[in-house]
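Taking it in order: structure first as structure tokens, then the write-up.
See below:
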């Protein structure tokens with residue numbers, strides 16, 4: 001049987017400056033059955049978004065280096081690429097729902113892998 005390559009896994013952009021946390025997030029994306037991309041800061045994330053049209057979801061930390069923080073990045077993504085779903089995470093901040101772009105989700109850090117995997121699948125479907 002020939003595999004169906006016409007339906008490739010959804011692409012998820014992980015934006016995290018701490019290497020261990022980024023590696024863990026990438027593992028979760030792969031465990032959910034999606035293709036991860038990585039960015040170390042908000043400026044790199046925007047450059048990746050500008051160069052690709054296949055990103056279904058962005059998962060970003062709120063406290064990041066770059067010309068804006070993760071909330072600013074989320075607002076920019078929602079405005080420029082409204083079809084991209086957004087998950088924001090932070091171990092220090094707890095933004096109010098009014099600060100979040102529409103249709104985005106927030107999680108405090110020290111979350112379990114199953115929580116993110118379930119949310120990824122809920123937001124963009126099963127791989």
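Numbering (UniProt numbering), first residue to last: 1 to 127.
All residues carry an ideal CB built from backbone N, CA and C; glycine is no exception.
Sequence-distant residues of the same chain with beta carbon closer than 6 Å to residue i, five excluded per side
i: residue 64; result: 17, 41, 42, 70
i: residue 10; result: 34, 56, 124
i: residue 78; result: 101
i: residue 90; result: 62
i: residue 39; result: 15, 45, 48
i: residue 92; result: none
C-beta neighbour in chain B for residue i, strict 8 Å
i: residue 109; result: Protein chains in the displayed structure number just one, and chain B is not present.
Buried or exposed (CB count within 10 angstroms, at least 16 for buried), residue i
i: residue 119; result: buried
i: residue 61; result: buried
i: residue 104; result: buried
i: residue 28; result: buried
i: residue 113; result: exposed
Between the CA atoms of residue j and residue i - distance to the nearest angstrom
i: residue 45; j: residue 85; result: 14 Å
i: residue 116; j: residue 83; result: 19 Å
i: residue 122; j: residue 76; result: 23 Å
i: residue 21; j: residue 107; result: 14 Å
Reference residue i, options the options, closest by Cα
i: residue 109; options: 79, 49, 88; result: 88
i: residue 51; options: 81, 106, 111; result: 81
i: residue 74; options: 54, 53, 99; result: 99
Spatial neighbours of residue i in its chain, beta-carbon cut-off 7 Å, leaving aside the 5 residues before and after
i: residue 25; result: 14, 16, 59
i: residue 67; result: 42, 43
i: residue 36; result: 12, 14, 26, 29, 30
i: residue 32; result: 117, 120, 121, 127
Cβ shell of residue i (< 8 Å), same chain only, five flanking positions each side left out
i: residue 72; result: 42
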